[in-house]
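Start counting the sequence shown at 607; every next residue gets the next number (the numbering used here).
What follows is a single structure, written as structure tokens, with notes after it.
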Amino acid sequence: KQAAKIGTKFADARAGDLPEAKMSTKEWLSQYTKNDTVHAIFRNLCAAIFAANDDEVPARAFLTYFAVKGAFKRFGFCPRGTVGLWNDLADGIRAAGGEIWLDAPVTELHVQDGLATGVSVMKDGVATRVQARTVISNIGPRATVDLPGGEAFGPDYIARARTLPRPSANIVINFATQKRLVDVPGLVTFGKTRRLCNMGELTATCPELAPAGWYQYVAYAVPRPAIGDFDEKAEVEASLQDLRDEFPDFAQARMLSVRVMRDGWPAQRSCAGFDMPQTTPLANLWHVGDAVKDYGDGGTQACAYTGREAARHAVAHLDAVRVAAAA
Numbered sequence: 607k608q609a610a611k612i613g614t615k616f617a618d619a620r621a622g623d624l625p626e627a628k629m630s631t632k633e634w635l636s637q638y639t640k641n642d643t644v645h646a647i648f649r650n651l652c653a654a655i656f657a658a659n660d661d662e663v664p665a666r667a668f669l670t671y672f673a674v675k676g677a678f679k680r681f682g683f684c685p686r687g688t689v690g691l692w693n694d695l696a697d698g699i700r701a702a703g704g705e706i707w708l709d710a711p712v713t714e715l716h717v718q719d720g721l722a723t724g725v726s727v728m729k730d731g732v733a734t735r736v737q738a739r740t741v742i743s744n745i746g747p748r749a750t751v752d753l754p755g756g757e758a759f760g761p762d763y764i765a766r767a768r769t770l771p772r773p774s775a776n777i778v779i780n781f782a783t784q785k786r787l788v789d790v791p792g793l794v795t796f797g798k799t800r801r802l803c804n805m806g807e808l809t810a811t812c813p814e815l816a817p818a819g820w821y822q823y824v825a826y827a828v829p830r831p832a833i834g835d836f837d838e839k840a841e842v843e844a845s846l847q848d849l850r851d852e853f854p855d856f857a858q859a860r861m862l863s864v865r866v867m868r869d870g871w872p873a874q875r876s877c878a879g880f881d882m883p884q885t886t887p888l889a890n891l892w893h894v895g896d897a898v899k900d901y902g903d904g905g906t907q908a909c910a911y912t913g914r915e916a917a918r919h920a921v922a923h924l925d926a927v928r929v930a931a932a933a
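Shown next as structure tokens:
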């Protein structure tokens, strides 16, 4: 009966009947079941998709993702890592005559008459000003308004950019074993765990990633809380203990890295449900990335969507400028 009630609510969500914006996923689920295992599964789904806990993710955002958005219906990963996607994008930019400057941080935003006119960057140790007809920022709204020149966004927008997005954290554990831990060619989402939410064996589909006789894994865990401060050492240990409990042979694993994604480089620059819009008070500046996601979206797919939308906005703006100039 409890499962039927929950299933009905997913159907209701597809029809547009969603809970109030402030209700958390945990609060929503508690209306229909007190079962610890069900709650653990929902917590780990929140952690896996949104890098946040069930008491941090709005139920409206959770249901929107699973009932309306992709929800892993079409899923894949690049065998060259996520950076492979960006390298392909870079190849396209260069093929069209564009340039990509690495290690060239933006140091100032230039604005005149309500329009962004360019940015200053530090390239090879030299301050360089780049003129621009449009500007797309991928550093998130808060970092953008904090740039020198950011006061042009206005006090109301600046206040929202500094308070609305809620960065969330996760822990990424890369390791290898000489004994296969789980024979599943994809991601495994866990039930009752402390912090561990999912894990994948990369060599199940891409054996070339590891030497012969080795299996390479990536595991994801989400601290409590994921939004706000936490004891990093204790949260990493709780995540590793989950792996020890789930897989006794993890004791023989070779650890490759443990990365805690937080603060200036978080798992998500904003938890789903607390995003800023892509548009800004500057008519030719837009944001992309995981602080301006479409409602209920998450991860790389959300970032790709924002990139496409920013490009659409930029092209429309440039077309309007050309039409006005020709009139």
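Just so you know, even glycine gets a beta-carbon here, dropped at the ideal spot from N, CA and C.
Taking C-beta separations shorter than 6 Å and ignoring five residues to either side along the sequence, the partners of K729 in its chain run W707, A710, following chain order. No Cβ-Cβ contact shorter than 9 Å links T740 with H893. Counting only runs that start and end inside the segment 693-775, the beta strand (DSSP E) elements of at least 3 residues fall at 712-718, 721-729, 732-737, 741-743. Under the three-state reduction of DSSP output, T631 falls in the helix class. In its own chain, leaving out the 5 sequence neighbours on each side, no residue places its CB closer than 7 Å to the CB of A926. Residue environment analysis places E841 among the buried positions, since at least 16 neighbouring C-beta atoms fall within 10 angstroms of its C-beta. Close CB contacts of D848 within its chain, under the 8 Å cut and outside five residues either way in sequence, are with F796, T799, R800, R801, L802, A827 (chain order).
Secondary structure at F616: helix, using DSSP grouped into helix, strand and coil. Secondary structure of P854 (DSSP, three-state): helix. Secondary structure of P813 (DSSP, three-state): helix. Its chain contains T906 as the residues whose beta carbon lies nearer than 7 Å to that of T688, once the 5 sequence neighbours on both sides are disregarded; these appear in chain order.
Q608 carries a helical assignment under DSSP once its states are collapsed to helix, strand and coil.
The continuous stretches of beta strand (DSSP E) do not include G682, and DSSP gives it neither H nor E. The beta carbon of E633 is closer than 8 Å to those of D661, A665 in its chain, skipping five residues each way along the sequence.
Here the alpha carbon of A897 sits roughly 19 Å from the alpha carbon of V712. E843 sits in a helix when the DSSP states are folded into three classes. When the five nearest sequence neighbours on each side are left out, the beta carbons in the same chain lying within less than 6 Å of the beta carbon of K785 are those of D855, in order along the chain. In this structure, the alpha-carbon of A673 lies about 18 Å from that of C877.
Under DSSP, the beta-bridge partners assigned to E807 are Y823. For P829 and R649, the gap between their C-alpha atoms comes out near 12 Å. Membership of L793 in the beta strand (DSSP E) is indicated by the continuous run 793-795. In the three-state reduction of the DSSP assignment, L924 falls in the helix class. Shown here, T639 sits in coil according to DSSP, grouped into three states, outside any helix or strand.
Short of 7 Å from the beta carbon of F683, and not among the five residues preceding or following it, lies no beta carbon of its own chain.
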